[in-house]
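What follows is one structure encoded as structure tokens, with my remarks underneath.
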Amino acid sequence: MTALTWTESLALNNAQMDRTHEEFVDLLAAANAALAGPDDALLAAFDTLTQHTVEHFGQEDRWMAATGFAPANCHAYQHQAVLAVMQECVKRARGGDGVEADFEPLRLAVDELAIWFPQHAQSMDAALAQHLESLQFDPATGQCAKPAPAEAISGCGGGSCS
């Protein structure tokens with residue numbers, strides 16, 4: 001399995017984003033460690049990661065909305081897709097309604113998230129961090145010192161993505 005640990009290479013020089021990302025990496029590492037234990041511990045660790053991810057992605061989505069991203073931008077869409085997979089993994093692992101619990105998707109997701117996250121952080125999140133900095137966005141107030149772009153951003157916010 002692929003283990004992910006926080007390193008400075010994941011830092012984006014946005015204190016709030018970096019703190020949230022470090023929490024995500026720590027929770028993912030806890031889920032990775034739980035792979036070796038009983039299923040109920042794995043489910044609890046992954047469920048905690050999923051709950052964190054709801055707020056993590058929601059925070060970034062709110063920042064994008066406040067700074068000129070179109071509602072259907074690709075960064076937010078990726079958040080929706082990843083979160084839907086995580087929630088489906090939790091649902092399958094819980095079983096119920098006559099369906100036997102299936103932990104295989106959850107186990108695969110732990111490994112895949114460790115591969116996906118650095119790429120997402122170093123591309124889409126890095127572009128968002130630069131965008132927020134360029135507008136002098138204050139995450140505490142949700143306000144920009146500079147005006148948001150006149151045309152809504154439909155891509156990830158990076159120079160190579162429109």
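Okay, so the sequence shown: first residue is 1 according to our numbering, each after it adds one.
Cβ coordinates follow ideal geometry from the N, Cα and C atoms, glycine included.
Keep in mind it's a predicted model, so treat the numbers as computed, not measured.
1. Does Ser-162 come out as helix, strand or coil in the three-state DSSP assignment?
2. Which same chain residues, not among the five before or five after Glu-23, have their C-beta less than 8 Å away from its C-beta?
3. Which one or two residues does DSSP pair with Val-99 in a beta bridge?
4. Contact between the segment 40-49 and the segment 125-133 is defined here as three or more beta-carbon pairs at a separation below 8 Å; is this criterion met?
5. List the residues that DSSP assigns as beta-bridge partners of Cys-144.
6. Mind checking Asp-40: buried by the 16 CB within 10 Å criterion, or exposed?
7. So does the segment 138-156 actually touch the segment 74-93, counting three or more Cβ pairs closer than 8 Å?
8. Taking just the CA atoms, how far does Ala-150 sit from Ala-30?
9. In the DSSP assignment, the alpha helix (DSSP H) including Thr-5 goes from what residue to what residue?
10. Would you tell me roughly how many angstroms separate the C-alpha atoms of Asn-13 and Asn-32, rounded to the nearest one?
11. Buried or exposed: Thr-7, going by 16 or more other Cβ atoms within 10 Å of its Cβ?
12. Could you pull out every residue in the same chain whose Cβ sits closer than 8 Å to the Cβ of Gln-136, ignoring the five residues on either side in sequence?
13. Around the C-beta of Ala-114, are 16 or more other C-beta atoms found within 10 angstroms, so that it is buried, or is it exposed?
14. To test your reading of the DSSP string, which unbroken alpha helix (DSSP H) runs of 4 or more residues are found completely within the segment 34-88?
15. Confirm, please, whether the CB-CB distance from Val-90 to Leu-106 is below 9 Å.
From the atom records:
1. Legend: pLDDT at Ser-162 = 48, less than 50; position of this residue unreliable, value from coordinates given subsequently. Of the three classes helix, strand and coil, the one that applies to Ser-162 here is coil, per DSSP.
2. His-52 and His-56
3. Per the DSSP secondary-structure output, Val-99 pairs in a beta bridge with Gly-96.
4. no
5. Phe-137
6. exposed
7. In short, these stretches touch, since the Cβ pair count reaches three.
8. 43 Å
9. Premise fails: Thr-5 is in no alpha helix (DSSP H) and is neither H nor E.
10. Straight-line measurement puts the Cα of Asn-32 at about 26 Å from the Cα of Asn-13.
11. exposed
12. Cys-144, Ala-145 and Lys-146
13. buried
14. 39-66
15. yes
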